[in-house]
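Asks:
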Amino acid sequence: MTTGILLQIAQTLAAILLAPLLMGWVNQCRAWLQGRSAPPISQPYRTLRKLFQKDAVIAHNASPLFRFAPYMVFACMALAAGIVPTIANDLPFSPAADAIALVGVFALARVFLALAAMDIGTSFGSLGARREMLVAFLAEPALLMVFFTASLISQSTELPVIVQTLAHKEFVIYPSMAFAAVAFWMISVAENARIPVDNPTTHLELTMIHEAMILEYSARHLALIEWAVALKLFTYSALGIALFLPWGIAPQGDLSALPLAVLVLLLKMLLGGTVLSFMEAISAKVRLFRAPEFLGTAFLLGVLGMLIHFLLEV
Amino acid sequence: MTRIGTHDWNLEAQAQHIWRIRPEVGQLSTLARDVKDAGGQLVALWGSDDRSSHNGYGLHTAFITAAGLVWASVGLPEDAPAYPDLATLFPQADRMQRATFDLLGIRAEGAVDDRKWLRHSAWAADSFPLRKDFSAQPLAPYPAHSDAYAFIRVEGDGVHEIPVGPIHAGVIEPGHFRFSIIGDRVLKLEQRLGYTHQGVEKRFEGMDLDSGARLAGRVSGDSHSAYAWAYCMAVEQATSCNVPERAVWLRALFLEIERVANHLGDLGYLGNDVALSFGFMQFWRLKEDWLRLTAKMFGHRYLFDCIVPGGVAVDLGDDGYAMNRLVHRLIDEVAELKHVYDEHATLQDRFANTGICKPDMAARLGLTGLAGRGSAQAWDARVQFPQSPYDSLDVTMATQRKGDVLARAEVRFAEVFESLRLIHDILKRMPAGPIRQALAPTQSACEGIGWVEGWRGEIIVAVSIGANGKLERVHPHDPSWQNWPLLEIGILGNIVPDFPLINKSFNLSYSGQDL
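For the record, the sequence lines run as chains L and A.
Numbered per the numbering used here, the first sequence spans residues 205 to 518.
Numbered per the numbering used here, the second sequence spans residues 27 to 541.
(1) Please report the straight-line C-alpha distance between L/G260 and L/S422, rounded to a whole angstrom.
(2) Can you tell me whether A/P523 is buried or exposed, with buried defined as 16 or more other CB within 10 angstroms of its CB?
(3) Give, in chain order, every residue of the stretch 391 to 408 of chain L whose Cβ lies closer than 9 Å to some Cβ of chain A.
(4) Please determine if the stretch 360 to 369 of chain A and the stretch 428 to 446 of chain A are in contact, where contact requires at least 3 C-beta pairs separated by less than 8 Å.
(5) Nearest by alpha-carbon distance to A/F203: which of A/S251, A/L541, A/Y175 and A/Q224 is it?
(6) Who are the neighbours of L/A488 on chain A, taking C-beta pairs under 7 Å?
(7) By the three-class DSSP mapping on this structure, what secondary structure does A/C258 have?
(8) In whole angstroms, what separates the C-alpha of L/A303 from that of L/H414?
(9) With distance defined between alpha-carbon atoms, name the residue in A/F160, A/A378 and A/T394 nearest to A/G480.
(10) Could I get the ranges of all uninterrupted beta strand (DSSP E) runs contained in the stretch 116 to 148 of chain A, with 3 residues as the minimum, in chain order?
(11) Please confirm whether A/I90 and A/W405 have their CB atoms less than 8 Å apart.
(12) Is it the case that the Cβ atoms of A/G131 and A/P107 are separated by a distance below 8 Å?
(13) When you compare only the Cα positions, how much space is there between A/P511 and A/H223?
(14) Run the CB neighbour count on A/Q163, radius 10 Å, all protein chains shown included, and call it buried at 16 or more, exposed below.
(15) Considering only their Cβ atoms, is the gap separating A/Y253 from A/I485 smaller than 8 Å?
(16) Roughly how many whole angstroms lie between the Cα atoms of L/F482 and L/L237?
(17) Are the CB atoms of A/I475 and A/A464 within a distance shorter than 8 Å?
(18) Quick one: residues in its chain with C-beta nearer than 8 Å to the C-beta of L/A495, no 5 flanking neighbours on either side, listed in chain order?
(19) Taking 8 Å as the CB-CB limit, is L/F341 close to chain A?
(20) I believe A/P335 touches A/C383 by the beta-carbon criterion, under 8 Å. Please report the beta-carbon distance rounded to the nearest angstrom.
(21) A/I491 and A/L513: beta carbons closer than 8 Å?
(22) Closest Cβ-Cβ distance between L/T411 and chain A: below 8 Å?
(23) Quick one, are the C-beta atoms of A/L534 and A/N509 less than 8 Å apart?
(24) Looking only at C-alpha atoms, which of A/I47, A/A242 and A/A388 sits nearest to A/Q118?
(25) Taking CB distances under 8 Å as the criterion, tell me whether A/D341 reaches chain L.
(26) Between A/V185 and chain L, is any beta-carbon pair separated by less than 8 Å?
(27) Taking the beta carbon of L/A305 as the centre, do at least 16 other beta carbons fall within 10 Å, making it buried, or is it exposed?
(28) Please compile the residues from chain L whose C-beta is within a distance smaller than 7 Å of the C-beta of A/F309.
(29) Once you ignore the five residues that flank A/H326 on each side, which residues in its own chain have a CB closer than 7 Å to its CB?
(30) I want to know whether the stretch 357 to 373 of chain L touches the stretch 446 to 461 of chain L - three or more CB-CB distances under 8 Å.
(31) Can you tell which of A/A278, A/E262 and A/D375 has the C-alpha that lies nearest to the C-alpha of A/L453?
(32) So if I threshold CB-CB distances at 8 Å, which residues from the stretch 174 to 206 of chain A count as touching chain L?
(33) What number of angstroms, rounded off, separates the C-alpha of A/Q67 from the C-alpha of A/A58?
(34) Between A/S537 and L/L221, what straight-line distance do the alpha-carbon atoms span, to the nearest angstrom?
(35) Could you give the DSSP three-state label for A/Y83: helix, strand or coil?
(36) Nearest to A/P467 by CA position, among A/L497, A/V409 and A/F439, is which residue?
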């Protein structure tokens, strides 16, 4: 049990500390693919340090909710990072929330961010919050469909059981998971405000979704939000890895598999970041009102995955 | 050529394709009606303070007709200067009339919209900066007061207003956009510009002719060569200076270099605005190569101060071998990038049917230049009214009918290829000889008008020189005057997040019209 708790703390801390690195890697790859010289991989850490050192500027009419939201968002993402098995399976935190509760944790963070965006009363904040909700209410059911497909296979919505079934039992090819994987990719792109749904690097206020919500934040608040964004990308990557590429995650109580698990995780993250930046480099952002179509397709693929499970795998 | 429409208007030839007429105030409406009936357009409207020569005030308009540019000047009485409203016939006159009032106190009688335009809160409503008795010295601290402006409100259930600007998140010029939206759909957009008003026209007063060229080129930095050429054309016309042939060919070379540079940059930005950074980086790499070569050959990336009164300041060093080579490389690379844009489904989906300005609306509101050619307004001074050397270059006009973002992008592509071809041609046929002719000293007051097809549209610079040889009044006109209102039309029915893309597809100048 003590090792379990230590492992849990280590894994959560590792996620928090490594998340900006993944962001740095994605930014680097993107720069290379565009033919630019890239910022150093440690750039996100420097940005965080810079932001933490600055004095916060807060609107006069901001309510306490506005100040509180960044901490809430960061805490939600840290919790989510603790729940998803990244290095070791079956940690003490894991029973606290299954896949469905995880969706709820993400939703909680989103609600706080959207409320904070509307709190100041600027038009961009409200615009961003509204668009974020448009994306979210379509992405969440699609994400649930993906989880249902995986849980139908393992007969449980608990992430450790899913990983255990897929990684450490006899190897079986599940066609349903192929559909779920594509759906999950599309949802991750939308949820993490990446191209083609949102553009994380734009300066055009009118086109923003996620960025419009955080325009009023500065200094430590902005740092926490930026960090939470990196952490969210990291958690989604870990989630994707746990569901679709779980091989290498150390089984319960097997400490000797840990070094390999860390190495494998890093490799998978590097690969995931490369693929993400490549997909971003070749895509353009879709018109805002095409985003529902994009997420509708993801939902459809999730449902198809479930149907295929019933048709072929039962 | 003396007829426009149904009347005989004693047009006086000012230069090739340029005519002058001085009607009475009462005839102005008839003249405008005749121009309209004959399919012409109003392109510029400005005023002047002629009280020093006991002529009261002057109201000037420039029309484009089948015969060319018609410059009509009307004298107005010193007390209560007013002229009949032209905006009902030519809606593009609306903002020019309001700006003219803000600067000179000349009123358009019967105008529907008489709100201020250029004046924010820098000077009082009863002082007029362009009047000669207005001191150009820095103003005494002006009592703070609200810059009230009556925006047109849209009311109804669920209608929101989003004010955007004048300060934006990117490094772009300031302008205020007031959107009335329902959901993300735009019901109305109203612009408020004038934030970059610097008193350029006032600054011109009393300048010598050479300094004037430097200032004219800086009215809108991306159109430096077009402004400088138009200014010099006006000055040379006024002082009857014959520019050497080689200088004219070099000016055309500069103008086409400028057009290519701007179009490359815009095509990149159009990609960037739909988050296709690949296109942005590639086009800007090409633009950078282009600018560096320009700097190497002529000493300035944007050719600043290369065009001077009487000719040009720099000569083509070699026979243009390096430029020819880059021209050929650009033709290949731009074609390849065009293929990428053409085949990119999402990009095409974003461009097509976005920000449509239909041809009939474009004609009614006087959409001009590049954006006009994207909406079937087939006007290009290089083609229809070619001055030397364009009369021997046989320029092909690029036009599209749909008037959407895609059409404007296609016009840019076509013009890049055409300009590259022209540059190749110009380099091949460049005549030898001197590149500058000294201006003869002026004996008496004189006037001239320059008309150049810049990359954005026609640039017009009207110049009047005093008997002392100094500039008396200079009015630079940017095509953005006519095109900004069409942006308000193009956005209707589109969604808010498409606005930056539509805006970029027009890429209008703020400083060029705020002056």
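From the three backbone atoms N, C-alpha and C, an ideal C-beta is built for every residue, glycine too.
Nothing here was measured: the structure is a model prediction, and the numbers come from that model.
Replies: Quick look at the numbers:
(1) It is worth fixing the name first, because residue 260 of chain L is Ala in this sequence and not Gly. If I take the Cα positions, the gap works out to 5 Å.
(2) buried
(3) I399, P400, D402, N403, T405, T406, H407 and L408
(4) yes
(5) For the set A/S251, A/L541, A/Y175 and A/Q224, the Cα lying nearest the Cα of A/F203 is the one of A/Y175.
(6) V300, A301, L302, H370, T372, L373 and R376
(7) helix
(8) 24 Å
(9) For A/G480, the closest alpha carbon among the candidates A/F160, A/A378 and A/T394 is that of A/T394.
(10) 133 to 135
(11) yes
(12) Yes, they are a contact pair.
(13) 19 Å
(14) Result: exposed.
(15) Yes, the Cβ-Cβ distance between A/I485 and A/Y253 is below 8 Å.
(16) Counting only the Cα atoms, L/L237 lies some 7 Å from L/F482.
(17) no
(18) L338, V339, L342, A394 and V401
(19) no
(20) That pair is no contact at about 37 Å.
(21) no
(22) Cβ-Cβ to chain A under 8 Å: yes for L/T411.
(23) A contact, by the Cβ cut-off of 8 Å.
(24) A/A388
(25) no
(26) no
(27) exposed
(28) Those within 7 Å of A/F309 in chain L number zero; the least Cβ separation is about 12 Å.
(29) C332
(30) yes
(31) A/A278
(32) H186, E187, I188, P189, V190, H194, A195 and G196
(33) 9 Å
(34) 47 Å
(35) strand
(36) A/L497
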